[in-house]
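Before any comments, here is the structure.
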Amino acid sequence: MSESEKNKAHIKFFLNGEETEVAFAPHKTLLEVLREDLGLTGTKHGCELGECGTCTVLVDGRSILSCLMLGLDAEEREVTTIEGMAEAGELHPLQDAFADLGAAQCGYCSPGFLLAAKELLEKHPKPDRELIKEALSGNLCRCTGYIKIYEAVEVAAARLRGEEMELPRESLYGCE
Amino acid sequence: MTKNGNNGKPLKVVGKPFRKVDARAKCTGQTRFADDIVLPRMLYCKMLRSHEPHALIKKIDAKKALALPGVVAIITGSDLPIPYGILPVSQDEHALCIEKVRFVGDPVAAVAALDEDIAFEAMNLIEVEYEPLNTISSIDEAVMIDEPRIHNYGDSGNIHKKISLEFGDVEAGFAEADLVREDTFFYEGNTHLPLEQHAAVAHFDPDGKLTLWSSTQTPHYVHRALARVLELPASHIRVIATPNGGGFGGKSDPFNHEVVVSKLAMLTGRPVKVTLTREEVFYCHRGRHPVLMQVKTGVKKDGAITAMHFKSFLDGGAYGSYGVASTFYTGALQTVTYEVPRYKFQGVRCFTNKPPCGPKRGHGTPQPRYGLEVQLDKIAEQLGLDPIEIRRNHLVKPFSVTANYLRIGSMGLGACLDKIAVGAGWRNKFSGWDPDKRKLPYGKGIGVACSSYICGAGLPIYWNNMPQSGVQLRLDRQGGVCVMCGSTDIGQGSDSILAYIVAEVLGIDPFDIRVVTADTDLTPVDLGSYSSRVTLMSGNAAIQAAERARELLAIAVAERLGVPIENISLAERRVFDVENPEAGVTFAEAVVLAESKFGTIGTVGSYSPPPSPGKYKGSGVGPSPAYSYSAAIAEVDVDPATGIVVVERIWIAHDVGQSINPVLVMGQVEGSVYMGLGEILMEEMAYRANRNVVHKFPSMLEYKSPTTLEMCDVKTYLIEDADPNGPFGAKEVGQGPLLPVPPAVANAVYNAVGVRIDEVPITPEKVLKALREKAKGRSGRYGPESVPEVSWPEPLKVLTPAEGGDGRELPHVAVHS
Amino acid sequence: MMGDAGPEGQFVAGGTDLYPNMKRRQQTPRTVISVMRLPELNQISGDGKTGTRIGASVTLTDICEHSQLKREYPAVVATAKLISTPLLRNMGTIGGNLLLDTRCNYYDQNYEWRKGINFCLKKDGDVCWVAPGSSKCWAVQSSDLAPLLVALGARIRLASTLGERVVDAGGFYNDDGIDYLHKRPDELLVDIQLPPANGWRASYRKLRRRGAFDFPVLGVAAWAKFDAMGTVAEAKLVLGGIAPSPIEVEEAAQTLIGRRLDEEQIQAAAEKTYIKARPLDNTDFVMNWRKQMTREYTLRALRDLQV
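Chains as they are written, first to last, in this note's numbering: chain F, 2 to 177; chain B, 3 to 819; chain X, 22 to 328.
Right, here's the structure in full:
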């Protein structure tokens, strides 16, 4: 075992529902552990200082900034990344609605938005527009102007509640 | 050129809100961005950047850094002595500075190490000795102070470029006017702030070939720059543009970090990656130029413009970048919305010791558009005209040529204005100019503005006679279709556009198609994702390639069915006889028939814009195959106690010619509104002139990008005034809809509280200051008072089309002794 | 553990303040000791009758969602909700917010940037660029909860190997951007003790560019206790975001005491806070405007207290 291997931290946690063990340099953030030590590059970074929300993941169901959490602090906790959102190839209704409405343009902030929205819908199955804005106010997007994201969250929320919901005509084609 | 690639059949794919071809990948985190690439034995690169804004490099000592365990290589400027730059006229950058540094953030050395931490530590062990030089921190300083020069080229001292053009007799135009107004405006610089920091990975293989993956909008130009600087044959270099995590123009230059990792990969024989920090992205910049403007416009009583003289002063930062083009753009598109029969433009770009400015969404045109549209509002007030009417009544005519020789095609601005006027309830909210007769309460206001943008630049960046976009199509015998194009998807959906268009022409499903783009080894050249050119140019190339393939299939199937070729139609993944639709074959069978008859099926398409009627020196910037149009109404709430402006809603109509995919068009419109909103309310690149011209706050926290809580409601109207030059009639949408937003908000602020903020961004301090001035009985205006004195060159004079001009400049009048 | 780590050790809870500072090399502890899994720091106990204790590592989200706090201490909840973003509030703690490092545009920058200006007094340099003639650091107290908790008379419990002590929030802060707390590095913030919710009202108004992310560039906390007649019996006005510590404006509170809280008194108090406020040019927005906003935001905070 090399010196650097010996100095590595070793943790066990639940990653996207699977028990996972990983060794890494102890100063690494969860973001770095996910991307560099586990190869899950779906979690992105925009500033690494907690100023953009791009690196959002869920820890025990709560959306957090993985750039400001040490990998060590994930020990024994449940971490969900974008890779864990679709199940058996089936997109989560949020992912479906994002895809349908073009809510992911460049797609770089999308993993963070999707996970923050997932937490929102788990807490509030029927959020109004104001609540959606508030819940997503820690995630910056430079492409969409957020509008398609709100619309996608609304569509997904309805579908998660079991309601039939068509994509709104105005969202697809503009106003008459 | 076929106007309609579908032979008059109803459209099956075009105009429908399909998903993007990469939508699932983007929503599942599977899209591989540049920083997601990891190769075996990969090294990590860090660049040491100057903390001096302007200094001679006396000595660089990397001995200590090289001795650090884990450091594999260190390079400095002397390793890369050949300069480069995006424009042939401004080859003024070195990958690593050689003799001097020109701004805080200019790179001087680069380290390749086993990991990023070691690279960082090594970087701080490199010792650089500087001899500081005086700095140039503003337009005023650059105009007044010639020495020290930041560059030893350019029109004079620290002036990079001066332009002076006159179309028709402008003074005569002012003499005819009932009213002549002169206004001064300032538009502060701002930056793209893509969420993805630039990253690149280089790999030099044992056979001597280099591959670079990079988050670039212009792989073709990066390819050219690498060949030049690395002195490798271009055929030995492959540039792959990874999906861009946002670009907005900020990834359109060849960048020093791309050259540096390539060189380090060549030296070490190992893959090398660089990922910029957020601070470094601010130093790459190439964002919106700060522009000081003076606009003089003459109008008749009904608001008809008789002449305009526009002066712009650009703070270019430390390098050329696209700056010469940016400068021309600050004067090019004033003429394409309202009739401007005589027009004069003078522009100057300065060098300053700041990160270089370049193209940001709307490249050089949001600033003059702000001046023009705010001034038009002031003119409307002075003439007692409705701001919508003054615009509506003097629109340029479709299919006409402007005073500066821009050829207008379809022009849906009137329809745009009509839609938003009704949508916003303009007549119930705008009550004329008498503050005592307001319909909205004091503090609430409404304002309008229009704009237009190019659909691709008429000319490429370097002079050549080749197409600007190429598409190659390969059909295989199983029915697979692969479309290959050099275009780069930066989030706008250009990959999907190729699939939709090819699917439409070939009568198949867009998701049947494999799209391969932005790889200089595999795809024909497309110049890149800039100037809103991709849908129009690559779309037309795709139509041509697909029509050629359709022709081959039709011949083979017609022969099999024994019917005339004209009878053959392609739809629903079938190729059949229109008169007897039952008779036909599947698409895959059709390919087999065609391949049996013709051999391997591959076709190509290419696109070159039509020649421009302008032939004068400087006519290269502004011409475009088509122009998009937008109009916006903003409704604002201004708090008179604080000056805080809240934009509540924007109604925007955009003439896109024809939506290839309306939901993607909507996304571009909404995103443009967002970026325009950020620019008008809060975004600015600020520097501390007294503290080494450092960027005031190169961070996501302090560069204020609007969150969900600042974004306004948007009501979007799509106007489809098909342009004969567009694929299926399509025009651009990526940039144009940003343009009317800042002036519409400014005009709404005036309507709300009666103060004119002639400076962008409109921050609460400025509004409150103007309100206090107004309360004291003064003008209630905030903005620049004057422009610097510049010795302009004698303008190049061109007769307008109306004066019988031929698009060429007049010969200089000989001076008789 | 802190004893083992010595002067180069530091406690950390949510990490949302310390880790960015470490990444920028503003703070360089060799050892960080997480307090997030200490159960007694994670609890909210008590009630509005006897007072409420909030453990230092209770997250801001937990405060926002706590039904008893929402009912009995709505101003605390409303203020916590104004901090940064939902993501950060899921991590950041009340203790962390109260101990927040002072902030400054010359200090909250990475190493290379600070080197470019030859560093500053707070870290690695010897000039305060905000006030170059000053021997004092002017970095700004940027916690939202600090001015509010000072205004409502909260108490702060600290523990170390030497024992425990409880201090008034008002006496906890020091008006110096470097030495901004009356707390030894080895002391651990254990909990915050809110006074009984017995007849007082409090409010907090925050000035910032955006509705999320941004630190306050001015915060006005107002607190008043009313007698049975509806007259102000006691009052406090505390300004945040404009100086190295929360600034209590006693002369403003004095104008309110013994009178009904009507517009005239509110205007008089706002004039006093306006005079007192001396923001410097080291945050977002120009300082002159921030000073002017002190009056306006005091008005708004006090109007919030009117029934």
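Idealized CB from N, CA, C, for every residue including glycine.
Cβ-based burial, residue i [other Cβ within 10 Å; buried from 16]
{"i": "residue 183 of chain X", "result": "exposed"}
{"i": "residue 189 of chain X", "result": "exposed"}
{"i": "residue 567 of chain B", "result": "exposed"}
{"i": "residue 135 of chain X", "result": "buried"}
{"i": "residue 595 of chain B", "result": "buried"}
{"i": "residue 512 of chain B", "result": "buried"}
{"i": "residue 46 of chain F", "result": "buried"}
{"i": "residue 156 of chain X", "result": "exposed"}
{"i": "residue 171 of chain F", "result": "exposed"}
{"i": "residue 154 of chain B", "result": "exposed"}
{"i": "residue 480 of chain B", "result": "exposed"}
{"i": "residue 373 of chain B", "result": "buried"}
Element boundaries [alpha helix (DSSP H), containing residue i]
{"i": "residue 629 of chain B", "result": "Run containing residue 629 of chain B: none in the alpha helix (DSSP H); it sits in the beta strand (DSSP E), 629-640."}
{"i": "residue 135 of chain X", "result": "132-137"}
{"i": "residue 172 of chain B", "result": "172-178"}
{"i": "residue 28 of chain B", "result": "25-29"}
{"i": "residue 54 of chain X", "result": "Counting along the chain, residue 54 of chain X falls outside any alpha helix (DSSP H), though it belongs to the beta strand (DSSP E) covering 52-55."}
{"i": "residue 389 of chain B", "result": "389-394"}
{"i": "residue 379 of chain B", "result": "368-385"}
{"i": "residue 702 of chain B", "result": "Element bounds for residue 702 of chain B: n/a, residue is neither H nor E."}
{"i": "residue 35 of chain B", "result": "Looking at the DSSP string, residue 35 of chain B is not in any alpha helix (DSSP H), and its letter there is neither H nor E."}
{"i": "residue 749 of chain B", "result": "743-755"}
beta-carbon residue i near the ligand NAP non-hydrogen atom, thresh 7 Å
{"i": "residue 131 of chain B", "result": "For the structure depicted, the ligand NAP is absent and the ligand set is empty, with no information on it obtainable."}
Counterpart residues of residue i in DSSP-defined beta bridges
{"i": "residue 812 of chain B", "result": "In DSSP, residue 812 of chain B forms no bridge with anything."}
{"i": "residue 29 of chain F", "result": "Its beta-bridge partners do not exist; DSSP assigns none."}
{"i": "residue 653 of chain B", "result": "B:635 and B:717"}
{"i": "residue 63 of chain B", "result": "B:129"}
{"i": "residue 179 of chain X", "result": "X:186 and X:210"}
{"i": "residue 215 of chain X", "result": "X:73"}
{"i": "residue 202 of chain X", "result": "X:194"}
{"i": "residue 447 of chain B", "result": "B:638"}
Terminal residues of the beta strand (DSSP E) in which residue i lies
{"i": "residue 486 of chain B", "result": "483-487"}
{"i": "residue 13 of chain F", "result": "10-16"}
{"i": "residue 188 of chain B", "result": "181-189"}
{"i": "residue 293 of chain B", "result": "293-301"}
{"i": "residue 312 of chain B", "result": "307-317"}
{"i": "residue 345 of chain B", "result": "345-352"}
- Going along the region 197-228 of chain B in order, which residues come within less than 8 Å of chain F, judged by CB to CB distance? Within the region 197-228 of chain B, the qualifying residues are 197, 198 and 199.
- Task: Could I get the ranges of all uninterrupted alpha helix (DSSP H) runs contained in the region 210-261 of chain B, with 4 residues as the minimum, in chain order?
- Result: Whole alpha helix (DSSP H) segments, 4+ residues: 221-232.
- Task: Mind checking the region 112-130 of chain X against chain B and listing, in chain order, the residues whose C-beta falls within less than 7 Å of any C-beta there?
- Result: Against chain B - using a Cβ distance shorter than 7 Å - the residues of the region 112-130 of chain X are 126.
- Task: Could you name the residues of the region 687-702 of chain B whose beta carbon sits closer than 9 Å to any beta carbon of chain F, in the order they occur along the chain?
- Result: Flagged, chain order: 701 and 702.
- Query: Which residues, taken in chain order from the region 286-317 of chain X, show a beta carbon closer than 8 Å to some beta carbon of chain B?
  - Reply: Residues passing the 8 Å Cβ filter: 305, 306, 307, 309, 310, 313, 314 and 317.
- Query: Which residues, in chain order, does the region 484-495 of chain B contribute to contact with chain F at a C-beta distance below 8 Å?
  - Reply: Correct list: 492, 493, 494 and 495.
- Message: Under 9 Å, CB to CB, which of the residues in the region 206-235 of chain X have a partner in chain B?
- Response: Correct list: 228, 230, 231, 232, 233, 234 and 235.
- Item | Contacting positions in the region 41-64 of chain X - beta carbon closer than 8 Å to chain F | Hits within the stretch, in order: 41, 44, 45, 55 and 57.
- Taking a Cβ distance cut-off of 7 Å, strictly less, list which residues of the region 432-461 of chain B are near chain X, in chain order. In summary, no residue of the region 432-461 of chain B has a CB separated from any CB of chain X by less than 7 Å.
- Query: Taking the runs of the beta strand (DSSP E) that are 3 residues or longer, which of them lie wholly in the region 504-576 of chain B?
  - Reply: Entirely contained in the region 504-576 of chain B, the beta strand (DSSP E) runs reaching 3 residues are, in chain order, 515-519 and 570-573.
- Message: Give me the subset of the region 43-69 of chain F whose CB atoms are less than 7 Å from a CB atom of chain X, sorted by chain position.
- Response: Against chain X - using a Cβ distance shorter than 7 Å - the residues of the region 43-69 of chain F are 49, 50, 51, 52, 54, 57, 63, 64, 65, 66 and 69.
- Query: Counting only runs that start and end within the region 654-699 of chain B, where is the alpha helix (DSSP H) found for 4 or more residues in a row?
  - Reply: Here the runs fully enclosed are 664-683.
- Residues in the region 68-87 of chain F having any Cβ partner in chain X nearer than 9 Å: Those residues of the region 68-87 of chain F placed with their C-beta closer than 9 Å to a C-beta in chain X are 68, 69, 70, 71, 73 and 74, ordered along the chain.
- Task: Mind checking the region 704-720 of chain B against chain F and listing, in chain order, the residues whose C-beta falls within less than 7 Å of any C-beta there?
- Result: Residues of the region 704-720 of chain B that bring their beta carbon within less than 7 Å of a beta carbon in chain F comprise 707, 709, 710, 711, 713, 716, 717, 718, 719 and 720, in sequence order.
- Item | Residues, ordered as in the chain, of the region 127-154 of chain X that lie near chain B by beta-carbon distance below 7 Å | Under the 7 Å Cβ criterion, the region 127-154 of chain X contributes 131, 133, 134, 136, 137, 138 and 150.
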